[in-house]
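Only one structure is covered here, and it is reproduced in the block below.
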Amino acid sequence: MKKQWIVACLSAFFMWNCQSKNEAVEVGGVTERTPEELAEMKEYAPTFTFESIDGGQIALEDWKGKYVYIDVWATWCGPCLRQIPAMKALEEKYRGQNIEIVSISVDSERDKEKWKKVVEARGMQGTQLYAGQTSSFHNDYQIRSIPKFILIGKEGEIISQNPPRPMDHRTGELNQELTDILDQLLTQ
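Those letters in the sequence shown? Residues 0 to 187, by numbering that gives the first Met the number 0.
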C-alpha cells in the first residue's frame, strides 16, 4: 500500500512538472497531453449533404460559425417519436440564436413520404433532412441505434457524440442539462 502511494505521488509530481513545461508524459501506460496538443487533436465532424424537406440540399458546412444539435431519428422508432415534443420546445427556445437544431431521418426510401407526413402532422420545425439508410452517414457518425444525438461546434468540431437528449425522461419536459450546455456554449 505504501509503495502504491509513493508511486502515485511521484507520478502526479512528474505529470505536473512536465505539463507545466508543456511536455507530454506517460503515466501508467496512458499519455497525458498538453492543452496545446489537445487543441490540435480536435475531431472534426465528417461532412454530409442531405435533402431538405423543402427539396433543396443542405450541407454541414452551411452552418459553419453556428453550433449544430443533431437528432437522428426515423418514423418507425417509438423512442424517437417521444422526443419530438421536447425537440419542438428546443427549436422554439433557440430560434434566431447561433445554434441550428437539425433532425435527420434515416427512414428507408419507401418511407420517405411517410417521413414528410410525420414532420408536417407533428408540426416539426427546425431543419428537417433526409439521409435514408444507404448513406455513409451511419458509419461516419457511428450510428448503431436511434434516437442518436450529436453536438457539433462552430468550426465543425465534434463537441459530443452523445449529448443529453432533448427530453428529460424523469419529467417529460425539456432537459435542463441540455439547455444549460447550450446556453453556456452560446455565451462563449
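C-beta: ideal position from N, C-alpha, C; glycine also. Values in this document were obtained by computation on a predicted structure and should not be read as measured data.
Assuming tryptophan 114 is part of the beta strand (DSSP E), what are its boundary residues? Residue numbering aside, residue 114 sits at position 115 when the sequence shown is read from its first letter. It is not in any beta strand (DSSP E) - tryptophan 114 instead sits in the alpha helix (DSSP H) that spans 111-120.
Buried or exposed, going by whether 16 or more other CB atoms sit within 10 Å of the CB of proline 146? For the purposes of this step, residue 146 is identified with residue 147 of the sequence shown, where counting begins at 1. By the 10 Å Cβ count, proline 146 comes out buried.
Please report the straight-line C-alpha distance between lysine 41 and leucine 185, rounded to a whole angstrom. Numbered from its first residue, the sequence shown carries residue 41 at position 42. Numbered from its first residue, the sequence shown carries residue 185 at position 186. One C-alpha to the other measures close to 19 Å.
Proximity below 8 Å, CB of valine 105 to CB of glycine 125: Residue numbering aside, residue 105 sits at position 106 when the sequence shown is read from its first letter. Residue numbering aside, residue 125 sits at position 126 when the sequence shown is read from its first letter. Not in contact: valine 105 and glycine 125 (Cβ atoms no closer than 8 Å).
State the Cα-Cα distance for the pair aspartate 179 and glutamine 160, rounded to the nearest angstrom. Numbered from its first residue, the sequence shown carries residue 179 at position 180. Numbered from its first residue, the sequence shown carries residue 160 at position 161. Their Cα atoms are separated by approximately 17 Å.
Should threonine 48 be labelled buried (16 or more other beta-carbon atoms within 10 Å of its own) or exposed? On the sequence shown, position 49 is the one that residue 48 refers to. Exposed, by the Cβ-count rule.
Which runs of the alpha helix (DSSP H) fall wholly inside the region 64-88 and span at least 4 residues, in chain order? none
If I measure Cβ to Cβ from arginine 169 and keep anything under 7 Å in the same chain, skipping five residues before and after, which residues do I get? Here residue 169 corresponds to residue number 170 of the sequence shown, with the count starting at 1. Here the set comprises nothing.
Assigned secondary structure, glutamate 154 (DSSP; H/G/I helix, E/B strand, else coil): Working through the sequence shown from its first residue, we reach residue 154 at position 155. The answer is coil: DSSP assigns glutamate 154 none of H, G, I, E or B.
Which word fits tyrosine 43, buried or exposed, when buried means at least 16 other C-beta atoms lie within 10 angstroms of its C-beta? Here residue 43 corresponds to residue number 44 of the sequence shown, with the count starting at 1. Counting other Cβ atoms within 10 Å of its Cβ, tyrosine 43 stays below 16 and is therefore classed as exposed.
Taking C-alpha atoms, which residue in Val117, Leu128, Ser102 lies nearest to leucine 150? The sequence position of residue 150 within the sequence shown is 151, counting from 1. Checked all of Val117, Leu128, Ser102; the closest Cα to leucine 150 is Ser102.
Tell me which residue opens and which closes the beta strand (DSSP E) that threonine 46 is part of. Here the question's residue 46 lines up with position 47 in the sequence shown. It is not in any beta strand (DSSP E) - threonine 46 carries neither H nor E in the DSSP assignment.
Would tyrosine 140 and proline 78 qualify as a contact pair, given that the criterion is a beta-carbon distance under 8 Å? On the sequence shown, position 141 is the one that residue 140 refers to. On the sequence shown, position 79 is the one that residue 78 refers to. No. Outside cutoff.
Return helix, strand or coil for isoleucine 52, following the three-state DSSP convention. Here residue 52 refers to the residue found at position 53 when the sequence shown is read from its first residue. It is coil, neither helix nor strand.
Please state whether the Cβ-Cβ distance between proline 165 and leucine 173 is less than 8 Å. For this step, residue 165 is matched to residue 166 along the sequence shown. For this step, residue 173 is matched to residue 174 along the sequence shown. Contact: yes.
Leaving out five residues before and five after phenylalanine 136 in sequence, what residues of the same chain have Cβ atoms less than 6 Å from its Cβ? Taking the sequence shown and counting its residues from 1, the one referred to as residue 136 is at position 137. Once the five neighbours on either side are set aside, the close Cβ partners of phenylalanine 136 are Phe47, Ala130.
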